[in-house]
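If you count by the working numbering, then the sequence shown holds residues 11 to 62, one letter each, in order. C-beta atoms are modelled at their ideal positions from N, C-alpha and C, and glycine is treated no differently. Down below is the structure, laid out as structure tokens.
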Amino acid sequence: ELAHALRFLASVVSQSFLAFGDVLELYGKFQELSGEVNRIMELDELLDAAQK
């Protein structure tokens, strides 16, 4: 019984670390997309200024 509980606990801890890694990966992708959006907005502003 104790061995089963310890295996379960180890599995839960392992899955928690994997999920945390996935969250960090998603955050990194969000940061990358956010930077791309900012660059596009800056380019749009530059093009607007050049047309005036």
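Euclidean distance between Cα positions of residue i and residue j
i: Phe40; j: Glu11; result: 43 Å
i: Leu53; j: Leu19; result: 51 Å
i: Glu55; j: Tyr37; result: 27 Å
i: Ser44; j: Met51; result: 11 Å
i: Ser21; j: Leu28; result: 11 Å
Residue i: CB within 7 Å of a non-hydrogen atom of the ligand ATP
i: Ala13; result: In the structure shown, the ligand ATP is absent, as is every other ligand, since no ligand is present at all.
Where the alpha helix (DSSP H) through residue i begins and ends
i: Glu55; result: 12-61
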